[in-house]
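4 protein chains.
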Amino acid sequence: MAGSIFGKNFTVTTFGESHGAAIGAVIDGCPSGMHLSEEDIQKYLDRRKPGQSEFTTKRNEADKVEILSGVFEGRTEGTPIALLIRNNDQHSRDYSDLKNKFRPGHADYGFFEKYGLRDYRGGGRSSGRETAARVAAGSVALKMLDEFGIEVHAYTRAIGPVEISSVDFDECGMNSLYMPDHDAFQKASEYLKECIKNKDSAGGVIECIATGVPAGLGDPVFDKLDARLAYAIMSIGAVKGFEIGDGCRAALSKGSENNDAFFMENGRVHKKTNHSGGILGGISDGSDIILRAYVKPTPSIAQEQSTVTDSGDDTTIEIKGRHDPVIVPRAVVVVECMTGLVLADALLSNQSAKIENITL
Amino acid sequence: MAGSIFGKNFTVTTFGESHGAAIGAVIDGCPSGMHLSEEDIQKYLDRRKPGQSEFTTKRNEADKVEILSGVFEGRTEGTPIALLIRNNDQHSRDYSDLKNKFRPGHADYGFFEKYGLRDYRGGGRSSGRETAARVAAGSVALKMLDEFGIEVHAYTRAIGPVEISSVDFDECGMNSLYMPDHDAFQKASEYLKECIKNKDSAGGVIECIATGVPAGLGDPVFDKLDARLAYAIMSIGAVKGFEIGDGCRAALSKGSENNDAFFMENGRVHKKTNHSGGILGGISDGSDIILRAYVKPTPSIAQEQSTVTDSGDDTTIEIKGRHDPVIVPRAVVVVECMTGLVLADALLSNQSAKIENITL
Amino acid sequence: MAGSIFGKNFTVTTFGESHGAAIGAVIDGCPSGMHLSEEDIQKYLDRRKPGQSEFTTKRNEADKVEILSGVFEGRTEGTPIALLIRNNDQHSRDYSDLKNKFRPGHADYGFFEKYGLRDYRGGGRSSGRETAARVAAGSVALKMLDEFGIEVHAYTRAIGPVEISSVDFDECGMNSLYMPDHDAFQKASEYLKECIKNKDSAGGVIECIATGVPAGLGDPVFDKLDARLAYAIMSIGAVKGFEIGDGCRAALSKGSENNDAFFMENGRVHKKTNHSGGILGGISDGSDIILRAYVKPTPSIAQEQSTVTDSGDDTTIEIKGRHDPVIVPRAVVVVECMTGLVLADALLSNQSAKIENITL
Amino acid sequence: MAGSIFGKNFTVTTFGESHGAAIGAVIDGCPSGMHLSEEDIQKYLDRRKPGQSEFTTKRNEADKVEILSGVFEGRTEGTPIALLIRNNDQHSRDYSDLKNKFRPGHADYGFFEKYGLRDYRGGGRSSGRETAARVAAGSVALKMLDEFGIEVHAYTRAIGPVEISSVDFDECGMNSLYMPDHDAFQKASEYLKECIKNKDSAGGVIECIATGVPAGLGDPVFDKLDARLAYAIMSIGAVKGFEIGDGCRAALSKGSENNDAFFMENGRVHKKTNHSGGILGGISDGSDIILRAYVKPTPSIAQEQSTVTDSGDDTTIEIKGRHDPVIVPRAVVVVECMTGLVLADALLSNQSAKIENITL
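Chains as they are written, first to last, in the numbering used here: chain A, 1 to 360; chain X, 1 to 360; chain C, 1 to 360; chain U, 1 to 360.
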């Protein structure tokens, strides 16, 4: 397969370029009988929609989703669910001057070497816009997980050097950076205004927590649940680092510190701590799954940069157009959705783990 | 698939439990006509072989590989290459006392919840021993890459808090911690001796560099080259964090700092810096690929720990047996091999990217 | 995956129900740089379009295809090619009386048992209408094959007991049954008129020939080229038998008769006969590939039939609606397209067969 | 993948050449908790073992299977089950004279064109010997199906022109041709003796019946259950035709004849007839699944045949060695096992079809 199909039993195929006719996704493997409406999907799409604050691109896309198939009388049929999002606002002229130049920090050069041609309008297939299709598909996975009491919530943990010091989920929805800490949000806003003033951009950190995940999801070797999550999260453009639980810090600790002691409570196995981030040996251990995505600063900046042309000449470039000074806030929902796709797939795959669970 | 098959065009299926009859791997998709001998594979297996220093388990395994198929008159046939490694030294008695207890920091509990039973001898399928099969298969991938001038080298970047300050590849092979910095090696040795004395264990960091990778490998969306690498590296037991290029630090920098400027030299595109770690937008950019794996401390420690039994009673556990106080040195070659598998698969998959490259 | 994704390197995901908003396909893996327009696809769709003769359903569908992605300035980008076909003429009322009855010869009952619900309008996902998506995707595969001199042509070999006695490709396009023999066409027409008069339906045989296929496509074990073709052709609704080369008759012959002798001509290997149908041991042998699909009579007939309801009561059914008395003529292009998908996939997969053919 | 991996959730990877060190299979995805012993597998392997009658090759192989992994204390662990069969009797000298000649009716030429080299000893990977690995893996699938009351039985329906006229399963095991009709067996024996006398070979037909299959297995579009069965059966060397239910004859019948009427009995849906062969629209309908494989005559015959060398010269060939005058009897168990693999995979994949069946 050529890299646009995700998952094994809950599979998603996405398509679409930034400035083509449309983008979308086809889900193959969603169980039948689940209630699903366009509103269920739209509310997730609206969270990543551009043009919602001073810190996101002014590009104006309605991002209205249409369910083309797989749903009958309000319920999933077990057949492919095709989701379509038309591209409306295509300022191709914004990009014509970039036609022959490779933008630093972008896929342009590698893409051109791979395919010999490229849709230079907004990055084409490599545009962050493709994540809208992930969100559309992921929202269906999240709906399915919700039926089993599994919830996934992500938020902005840091913008550049400004990190949160507390987590108040109510706060998240109330600020444009999706930060669960109001003080941090205000400091981060100042930091971003400075970036914009300097024609520069910022990165940040997204944290995601999945609750209600039963012990036993994931596989022991290649398809470890955390390996699948790493694959899913690192496949989001601009993510350069991934952590599960204590993540990188675990390398500094000792076994006696890092091990989570087990104990019984109300007839259930619990852990005194959760350094593991809810996954041990690739299999969920019943605790909350905690992961972090480290996002690089938006590569599109208005400063002059040195680069080359596709005919091999040195040149310089100044990226005008409409770009987010930081993509973290809009990527929060993408992290939630990719996490949902991995968990949904693992849950379905797990149905055949034990002979005693197989039903005719 | 159930998680023991890796790759799309260069596929590897591994099998085997720590204390079963054997472990091994079947490669399906290796091109025909490549010279391959058991020695080519053995030299990689010998690097992860236990019992080689005071810092690795005393378990004594010859880990001799046998090529069962796929090679004829010294060359690959294009058919599946089956690699077999017999388990010799199986001290099952070491584990009988752990039969009903879940070891903290291990997969035991989740595995039991998933499958309803488990081979408690040395972790069974979840044992680090399964990585020998990865190394056997990965060495074939590395041999193939070498034919195209692509080389992959990994080393120990840190043991606990002790980090290297220079990289001398010659030094690596000469010390038991596979550290490219002799001073760091000596400090790390002291640190580990202290851990052992305290019945404790340490973690660390492995860094891996791939040179000679052409621009254009990897796919723009889900199968980004760095996403596939994250999946491969995070699937190695005990890895809790993954970075490509600047990794997590990228979240702190600004676009003007993080972007790598392009320039021409000798008719080739180069980058002034390599913050990207050789991959932009999921596609290789022609620079060295640089990744890091953050490894948690060995969970098996001799200290008494609180845990529970598979019948739901609180208890304590002291893990005797033979365990590495740190797994990093032996995992270095595993990281090399998993990186090799990803690059080999990406190279084969890339053969059909352009219509002009397709040959009858 | 849940059965709507086809292929390994040239993959197709289809979606859509007979009376939903739309049907379509997403191709992932088509090489970049190939010229492609909606006209290239439309001309194949027009061949299966309903309402073109007295022998096909009167359902009126424009079946206009829209390319949503993957094509830029007239050439494929190497990214997913999404193809959309809106459903226009949806006479749902035609089906309301079948809402709770399982149509004999149709998937209704099994589908209901599998999913617990079903879109009863025209068979929903199980409608022959889904083949339009196959044709849209297959036409792209055929275009790609054509660039390498590989051509695929199918025709009606038999309608019920009326079999062709000669093959004149020019004749095919000139008659509504797509038969390459005018006399046979006339006899078949009489036979079908009789069927219609008796509220009955007919089956038939489709033969397909692929020319220009190089020796070496396909794999030796599970993914034999003929096994993949059988999978592709048998996945077309109503196909109950598949043959390659001599097919079933081979069981009656002797080795001395069935073996095709090799000989050299103009420095190329040739075969004196082609009993093998162009494939030996699962790998193409350089001769024409010849396969046949045996199609059952249309199950939707106006005669009264005994059946049951989804609440478990015996009942009878008379299927009104608009149905083809024979689906063979419209299925001819579907067989061509599915054959094209298999060959295109095999050609791409074959690019990494030999180490000497791998290019950076 | 390169064609030696079969299945989606119950996957099998096979390996091995006819005259290499060993052949074998790795099953990934077999549920945990199923009782499994080497005897369970051996009894199937013994049925295809060579050297058991005057009508099979004299090659003497013990074909003893060893379970290398995946079974602990007599039960499956849910981890990969590796099965190893050593090659003992390797008369390579029998083949040295065929080193540079392509055998008519064999894969030799296509294989050489594909890979540029080949193991000429007994066909290497293309040898019928690879089916032993299928039988080893398939027997595990059949054991799993048996736990759910699903049984698969195949037998020889015809040898050349000699067809059975009755089916007595007890008779099957009692004659060397695995024919369920003693009279037919005797006639077939005479026919085969004549073939041997004339240095010729025969083909035949294998019929397979699966009972106890619930309605609802299989998918509506590409992964129709009959399409998967066709793929599995056509992937067995020498099979040139495949039928489900009435198969090719269905093309001659009318809808009123071919449709199977539904009726209720004891609260269950039944069919008055079974022209469909247990599958409608790609989904099992609860009736017995009936399929047929048409096998060509053994291509290895002692008569002189015209062929070419791998250096492009015309030549003649007489195939000595030890060859079955007919492969049908030994292929019967292979058909059973491949059918088992498809049904086991479909059963596991079906576990996630309905939301109401998903369990945490």
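Note that CB positions come from ideal geometry on N, CA and C, so glycine has one too. All of these numbers come straight from a predicted model, not from anything done at the bench.
In this chain, the beta strand (DSSP E) harbouring residue 306 of chain X covers 304-308.
Taking the C-beta atoms as reference points, residue 225 of chain X is found nearer than 8 Å to residue 279 of chain X.
Residue contact with chain A for residue 351 of chain U: present (Cβ-Cβ distance below 8 Å to some residue of chain A). If you look at residue 294 of chain X, you'll find it in the beta strand (DSSP E) that goes 289-295. Under the 8 Å criterion on CB atoms, residue 125 of chain X is classed as interfacial with respect to chain A.
Ranked by how close their Cα comes to the Cα of residue 9 of chain U, the residues U:347, U:127, U:359 have U:347 in first place.
Taking one beta carbon from each stretch, the segment 178-190 of chain C and the segment 35-42 of chain C have fewer than 3 pairs nearer than 8 Å; the two do not touch. Selection X:75, X:12, X:65, X:108 evaluated against residue 261 of chain A yields X:108 as nearest (Cα-Cα).
Between residue 115 of chain A and chain C, the shortest Cβ-Cβ separation is below 8 Å.
For the segment 196-211 of chain U, the beta-carbon criterion of a distance under 7 Å to any beta-carbon of chain C is satisfied by 200, 201, 202, 203, 204, 205. Under DSSP, the beta-bridge partners assigned to residue 28 of chain U are U:11.
Straight-line measurement puts the Cα of residue 271 of chain C at about 27 Å from the Cα of residue 170 of chain C. Where residue 233 of chain X is concerned, the enclosing alpha helix (DSSP H) starts and stops at 225-234.
Distance from the CA atom of residue 70 of chain C to the CA atom of residue 82 of chain A, rounded to whole angstroms, is 17 Å. Taking residue 132 of chain C as the centre and dropping the five residues before and after it, the same chain places the C-beta of 23, 45, 48, 63, 85 closer than 7 Å to its C-beta, in chain order.
Of the candidates A:237, A:247, A:240, the residue whose Cα lies closest to the Cα of residue 240 of chain X is A:247. Per DSSP, residue 314 of chain A lies in no alpha helix (DSSP H); the unbroken beta strand (DSSP E) holding it starts and ends at 314-318. The Cβ-Cβ distance between residue 204 of chain A and residue 326 of chain A falls below 8 Å. In the DSSP secondary-structure assignment, residue 76 of chain X is bridged to X:71.
Interface residue (Cβ-Cβ distance to chain X less than 8 Å): residue 100 of chain U is not classified as such. Distance from the CA of residue 198 of chain A to the CA of residue 106 of chain A, rounded to the nearest whole angstrom, comes to 20 Å. If you look at residue 346 of chain C, you'll find it in the alpha helix (DSSP H) that goes 328-349.
Every alpha helix (DSSP H) stretch that sits fully inside the segment 143-221 of chain X and reaches 4 residues is listed by chain position as 169-174, 182-197. For residue 283 of chain C against residue 245 of chain C, the beta-carbon gap comes to about 14 Å, at or over 8 Å, which does not count as contact. Per DSSP, the unbroken alpha helix (DSSP H) holding residue 45 of chain X starts and ends at 38-48.
Residues of chain X with a Cβ closer than 8 Å to the Cβ of residue 138 of chain A do not exist, since the nearest Cβ in that chain sits about 12 Å away.
In the DSSP assignment, residue 243 of chain C is bridged to C:292, U:241. Check the Cα spacing between residue 18 of chain U and each of U:79, U:120, U:26: the tightest is with U:120. Taking residue 196 of chain X as the centre and dropping the five residues before and after it, the same chain places the C-beta of 325 closer than 7 Å to its C-beta, in chain order. CA-CA distance, residue 267 of chain C to residue 96 of chain U, rounds to 25 Å. Rounded to whole angstroms, the separation of the alpha carbons of residue 67 of chain C and residue 339 of chain C is 22 Å. Collapsing the DSSP output to three states places residue 86 of chain U in a strand. Chain C places no beta carbon closer than 8 Å to that of residue 345 of chain U, leaving this residue out of the contacts.
If you draw a 10 Å sphere on the C-beta of residue 193 of chain X, you find fewer than 16 other C-beta atoms in it, and that means exposed. Residue pairing for residue 272 of chain X: DSSP places it in no beta bridge. Residue 359 of chain A and residue 298 of chain A have their C-alpha atoms spaced approximately 50 Å apart.
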